[in-house]
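Read the structure below first, then the notes.
Numbering (mature numbering (1 follows the signal peptide of the UniProt record, and there is no 0)), first residue to last: -27 to -1, 1 to 437.
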């Protein structure tokens, strides 16, 4: 996947990022189905169904990606809070108690008609991807000895670092509870959720952490942490532990925790690791394969219907341009209804002014709206481009199509781009035989260019 950054009110853009390194760690033992260990035997009791739940009050790109991954692996997810207004605070800071309250209400409802042995899987949605089906997830959960509830684990004690010293002393790579994913039996989860009242703005992870740190509750409810990411992989703090495997004998890419030697079944881009999750999202959940290329691209492609979107076509003439007349003719003959186009024509070259003005005076009346920016308006290029963006936002147009006069258009270009299904599409320009391109495979913490691990494969079109 990829980093979702708001460009302006209409659409969003995505940037790819990835970090890889190696570190050594400790393995974890699991139950086997034929184990004679009494703590293991009870884990393989038949469950009469699995409930998969999440919370989402906004159907954004992260949610769409999450639901797509669920669909890929045949997971029926019930979304809680779809019609609710989010009151859990800014999740860049402590908060999220609303998730507890929504889940508590749902579990109490499920308990009225379901077996106490019903297994419930809960995950966040905006920054989570499923990487396997429910059957495999449950199988791994039931392999944890003496466990009725399993929380994901991470490398940071958040939101209260002072609680780190209260955790059980154990040498693992991820010692601390993370509430972005957990699985357990209904009876024990109900006991956790109903333990005490919590407000919508209190922190959900702190709530679960304090219950886990209570030794009596932890042992009575048999709560464990997925220290080695057998099921849940939290990325924050673990970027060097996790490798994306694309060039393997398997059909689709997967991730591996090279420290614990596990292949996680759910990945969570918690905290500042969302850039990496966005990058992984371009490959995982069967989004890409070496044989078929970008299967996600094919899924997203749409058929344009009669009710076409409205487009702001912003033309920029920033330097003297050979064959400008032919370029303007290509703009004019674009295969798209002119009543669906808002035209903005920016010319910053005095030499072209007569030709550009003649074009505008002749054809502007056929467009939904038309605006000129002339050389003697003394408007900088950056300001002119912002004018196009703001004019689009304020004129109820659906898309902004920005094109410079040095480009060349085919008649169907605009329709082709709109049918891609993506919110932002930009050209990738390369120098054949060289590593140079205008493509930023990643960005660093300061927002500047960084080389991504798949940059060369993209430039040389090995990944496409």
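Every residue, glycine too, gets a C-beta built ideally from N, C-alpha and C. Quantities reported herein were computed from a predicted structural model and do not represent experimental measurements.
On the three-pair Cβ rule with 8 angstroms, is the segment 371 to 387 touching the segment 297 to 304? They touch, by the three-pair rule.
Determine which residues share a DSSP beta bridge with residue 261 and list them. Position 288 of the chain shown, counted from the start, is the residue given in the question as residue 261. Looking at the DSSP output, residue 261 shares a beta bridge with 267.
Quick one: measure Cβ to Cβ for residue 228 and residue 217, integer angstroms, because I've assumed they're closer than 8 angstroms. Here the question's residue 228 lines up with position 255 in the chain shown. Here the question's residue 217 lines up with position 244 in the chain shown. Contact flag correct, Cβ pair sits at about 6 angstroms.
Using the beta-carbon count (16 or more within 10 Å), is residue 113 buried or exposed? Looking up residue 113 in the chain shown gives position 140. Under a 10 Å Cβ-count criterion, residue 113 is classified as buried, with 16 or more other Cβ atoms of the shown protein chains found around its own Cβ.
Neighbour-count burial assignment, residue 21, 16 or more Cβ in a 10 Å radius: To locate residue 21, count along the chain shown from 1; it is residue 48. Because the pLDDT of residue 21 is 47, which lies under 50, any placement of that residue in the model is unreliable, and the number read from its coordinates should be weighed accordingly. By the 10 Å Cβ count, residue 21 comes out exposed.
With distances taken Cα to Cα, identify the nearest neighbour of residue 436 among 320, 266 and 154. Against the chain shown, residue 436 aligns to sequence position 463. Among 320, 266 and 154, the Cα nearest to that of residue 436 is on 266.
Would residue 140 and residue 148 qualify as a contact pair, given that the criterion is a beta-carbon distance under 8 angstroms? Along the chain shown, one-based indexing puts residue 140 at 167. Along the chain shown, one-based indexing puts residue 148 at 175. Against a cut-off of 8 angstroms, the Cβ pair of residue 148 and residue 140 comes out as a contact.
Compute the distance between the beta-carbons of residue 91 and residue 24, then report whether it is under 8 angstroms. Locating residue 91 in the chain shown gives position 118, where the first residue counts as 1. Locating residue 24 in the chain shown gives position 51, where the first residue counts as 1. Taking 8 angstroms as the Cβ cut-off, residue 91 and residue 24 qualify as a contacting pair.
What does the alpha-carbon distance come out to for the pair residue 421 and residue 275? As a position in the chain shown, residue 421 is number 448, starting the count at 1. As a position in the chain shown, residue 275 is number 302, starting the count at 1. Each residue's CA atom was taken as its position, placing residue 421 and residue 275 some 33 angstroms apart.
Please classify residue 227: does DSSP put it in a helix, a strand, or coil? The count along the chain shown starts at 1 and reaches residue 227 at position 254. Three-state DSSP puts residue 227 in a strand.
Classify residue 134 as helix, strand or coil using the three-state DSSP reduction. Here residue 134 refers to the residue found at position 161 of the chain shown. Helix at residue 134.
Under a Cβ-count criterion, where at least 16 other Cβ atoms within 10 Å of its own Cβ denotes burial, should residue 38 be classed as buried or exposed? The sequence position of residue 38 within the chain shown is 65, counting from 1. With 16 or more Cβ atoms within 10 Å of its Cβ, residue 38 is classed as buried.
In this structure, how does DSSP classify residue 174 when only helix, strand and coil are distinguished? Locating residue 174 in the chain shown gives position 201, counting from the first residue. Look at residue 174 here: in three-state DSSP terms it is coil, with no helix or strand label.
Do the segment 99 to 110 and the segment 171 to 181 meet, that is, are 3 or more Cβ pairs less than 8 angstroms apart? Counting Cβ pairs under 8 angstroms, fewer than three are found: no touch.
Compare the C-alpha of residue 255 against each of 361, 414 and 371 and name the closest. On the chain shown, residue 255 is found 282 positions in, with the first residue counted as 1. Nearest Cα to residue 255 within the set 361, 414 and 371: 414.
DSSP puts residue 53 in a beta bridge; with which residues? Residue 53 sits at position 80 when you count from the first residue of the chain shown. Per DSSP, 28.
Do residue 104 and residue 258 come within 8 angstroms of each other at the CB atom, strictly closer than that value? On the chain shown, residue 258 is found 285 positions in, with the first residue counted as 1. On the chain shown, residue 104 is found 131 positions in, with the first residue counted as 1. In this structure, residue 104 lies closer than 8 angstroms to residue 258 by Cβ.
Span separating the alpha-carbon of residue 277 from that of residue 392: For the purposes of this step, residue 277 is taken as the residue at position 304 of the chain shown. For the purposes of this step, residue 392 is taken as the residue at position 419 of the chain shown. Approximately 6 angstroms between the Cα atoms of the pair.
For residue 221, count the other beta carbons within 10 Å of its own beta carbon; 16 or more makes it buried, fewer makes it exposed. Which is it? Residue 221 sits at position 248 when you count from the first residue of the chain shown. By the 16-neighbour rule on beta-carbons within 10 angstroms, residue 221 is exposed.
Limits of the unbroken alpha helix (DSSP H) element including residue 331: Indexing the chain shown from 1 puts residue 331 at position 358. Looking at the DSSP string, the run of the alpha helix (DSSP H) that includes residue 331 is 326 to 336.
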